[in-house]
Amino acid sequence: MSKLTAPRGTFDILPEQASVRAGVERTARELLEAAGYGRIETPSFEATELFARGVGEATDIVQKEMYSFDDGGGRSLTLRPEGTAPVCRAYVQHGMHKLPAPVRVYYLSSFFRAERPQAGRYRQFWQLGIEALGSEDPAVDAETIVLLAAILAQTGVTGVRLRLSSLGSLGTREAYRDELAEYLRANAARLAPVVRERIELNPLRAFDSEDPGTREVMAGAPRLLDRLERDDAEHFASVRELLGRAGVAYEIDPTLVRGLDYYTRTLFEFTSDALGAQSGVAGGGRYDGLVEALGGPPTPGVGWAAGIERILLASGEHPVSVAPVDLYVAFEAARADAFETLTAAREAGLAAQMELAGRSLKGQLKQAERLGARFFAVVEGESVRLRDLAAGTEETVDRDALVERLVAA
Ligand code: ATP
Ligand code: MG
C-alpha cells in the first residue's frame, strides 16, 4: 500500500515543534492579557458571504484564495482565510457594542488560503491576531502597534521594520481611487497587462507591482497621503506622535497597500530581514466601515494579524526547554506497584514518568537520562532503590515514604 501524506502546503505540528510554538503563544498571551485583551475563537468555517462582504470582492483572498464548498443544503461555506471579518460578525451577533468600549480581543487560530506553497507560505497556517472595536482614539491604533512590536521583540524576531501609512476615510479613498484610475488610464500603455486589467477593479494594487514599467508610472502617481482630509491627517499625526512616545521606530510608506478592502485611516505592516521573499510578519490597520458593512451599528475598529510560522522562521525557532521530569519510575516485575507509585507521585504534583515500553533496567535508566529526570526509582515490591541522577547517590527507601521524600527534596 502506498503511504499517505498531509496535503500539499499543509504541515503536521509534532510535539517537539508544539513546545516551540507554545513559547511564542505564551509570550503573546501574557502580553495581551496584561494589556486587557481577552481571547476569542470563532468557527473554522463561515458563510462565504461573510468574506465576500467583509474582506472585499476585489481582493486576492476572495478572488482566488478561498476554500469554499457547498454544505450539502445549497449554502456556500468557506474555510476562514482571515480573522477580522469573523470577529466582527461575532461582535454584531452577540451585541458586543453594548459592552464598554473599546472591546479588545485576540485570537490564535489556523487559517486557510489556496496559495502556491513555499517557505513561509502555506495552505493552512496559524495567525495571532487582535481586534479593538468601538473607539477611533488614535491611542488604540498606537496601542495595537506597540503591543505587536513588543511581541515580535520578545519572541526574538530579528531585522524588524515597521511601515506605516494612512488611507483616510472611505470617502477620501473613493475619490482618490477615481483620481488614481484616471492617472493609470492616461498611462495605460506603460503598465503591465495584469495591472491594466485591474485599473477599474482595484487600481491601488498597481503600487504592488514589480514590473519595471509599472513602477516608473507609479513613482509619479498621485499619493493618497497628500489627499487626506483634515480629521484623518490629524488622526494620523496623533498615531505617529504616540508611536514616537512609545519609542517604536517606523517608516512612512505612502505606497503601502494591503490585501483587505475595508481598511480606513491607519495601515501598517511589519517585515523581517530574516525572511526571504515572504518578508511580511504581520499586518493590520483600521477598518471603521467594516462592522456596519456586516449589518452592525457604525463601529470603528483596528487590529492586526501576525503569522506564527513567519515569527518562528524570523526568530530562528529558538527552542524552548522541554518540561523537566522529576521522577522516572522503573521496575522489572512489580508493574502494579510501579503504577501505584506513578499515580501517587503525579497526585502530589510531581512530573513523573513510568516505564511503558518493556525496556531492561539498563534501558530504563538510559531513557530516564534521555528525559533529563532528576530521580530514578526502581520499584521492588514494598521497597524502592532511589537514585538521585543529579547527585549520583543511591539509597533504599520504603515505597510508602517515597513520594513524601521526593516532594521534600
Ligand atoms: P502576504 O503578502 O505574505 O501574502 P498577506 O498580506 O496576505 O501576506 P495578511 O492577510 O495580512 O497577509 O495576514 C497577516 C499575516 O499572516 C502575514 O503577515 C503573514 O505573516 C501571515 N500569512 C499570510 N498568508 C500566509 C500563508 N499563506 N502562510 C503563512 N502565513 C501567512
Ligand atoms: Mg497574501
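If you count the sequence shown from 1, position 54 lands on 38 in the numbering used here, and the numbers rise without skipping. We put the beta carbon where it would ideally sit given N, CA and C, even for glycine. A quick note: this is a predicted structure, and the numbers were derived from the prediction, not measured.
| Query | Result |
| --- | --- |
| Near Gln102, what residues of its chain come up, given a Cβ to Cβ distance below 6 Å and the 5 sequence neighbours on each side ignored? | none |
| So, helix, strand or coil for Phe(-5), using DSSP? | coil |
| Give the DSSP bridge partners of Leu311, in chain order. | Ala336 and Phe359 |
| How would you call Ile236, buried or exposed, if buried means at least 16 neighbouring beta carbons within 10 angstroms? | exposed |
| Nearest-angstrom Cα distance between Glu14 and Thr139? | 12 Å |
| Write down the C-beta distance between Glu364 and Leu345 rounded to the nearest angstrom, noting that I regard them as a contact closer than 8 Å. | Contact doesn't hold; Cβ gap of about 11 Å is too wide. |
| Which stretch, first to last residue, makes up the beta strand (DSSP E) that contains Glu378? | Thr377 to Asp382 |
| If you follow the alpha helix (DSSP H) that Asp372 is in, where does it begin and where does it stop? | It is not in any alpha helix (DSSP H) - Asp372 instead sits in the beta strand (DSSP E) that spans Ser367 to Asp372. |
| Classify Glu194 as helix, strand or coil using the three-state DSSP reduction. | coil |
| Going by C-alpha to C-alpha distance, which of Thr327, Val76 and Leu185 sits closest to Glu41? | Leu185 |
| How about the stretch 62 to 82 and the stretch 170 to 189: do they share at least three Cβ pairs that are nearer than 8 Å? | no |
| For Gly(-7), which residues of its own chain have a beta-carbon under 6 Å away from its beta-carbon, when the five flanking residues on both sides are left out? | Pro101, Tyr106 and Arg107 |
| Do you know how far the Cα of Gly300 is from the Cα of Thr399? | With the chain covering -15 to 393 only, the question about residue 399 has no answer from this structure. |
| Tell me, which residues are paired with Gly38 by DSSP? | None; Gly38 has no bridge partner. |
| At what residues does the alpha helix (DSSP H) containing Gly228 begin and finish? | Arg214 to Arg229 |
| Compare the C-alpha of Gln77 against each of Gly333, Gly279, Gly67 and Asp310 and name the closest. | Gly279 |
| Does Pro65 pass the burial test, meaning 16 or more other C-beta atoms within 10 Å, or should it be called exposed? | buried |
| Check each candidate in Leu355, Arg371, Ala165 and Ala328 and name the one with the smallest Cα separation from Glu388. | Ala328 |
| Taking just the CA atoms, how far does Ala335 sit from Gln348? | 17 Å |
| For Arg418, collect the residues of the same chain with a Cβ closer than 8 Å to its Cβ; drop the 5 residues on either side in sequence, then sort them by chain order. | In the structure displayed, the chain extends from -15 to 393; residue 418 sits before or after that span and is not available. |
| Looking only at its own chain, which residues have a Cβ that is under 8 Å from the Cβ of Arg176, when we skip the five neighbours before and after it? | Note that residue 176 is Ala in the sequence shown here, rather than Arg. Closer than 8 Å at Cβ, skipping near neighbours: Ser193, Asp195, Gly197 and Thr198. |
| Can you check whether the CB of Gly264 is closer than 9 Å to the CB of Phe252? | no |
| In this structure, does DSSP put Asp321 in helix, strand or coil? | helix |
| Note down, in chain order, each residue of its chain lying with its Cβ closer than 6 Å to the Cβ of Ala205, except the 5 sequence neighbours on either side. | Tyr167 |
| Going by beta-carbon coordinates alone, are Ser150 and Leu209 separated by less than 9 Å? | yes |
| Taking C-beta to C-beta, are Asp372 and Ala393 nearer than 9 Å? | yes |
| Classify Phe109 as buried or exposed, calling it buried when 16 or more other Cβ atoms lie within 10 Å of its own Cβ. | buried |
| Using the Cα positions of Asp245 and Ser60, report the straight-line distance between them to the nearest angstrom. | 21 Å |
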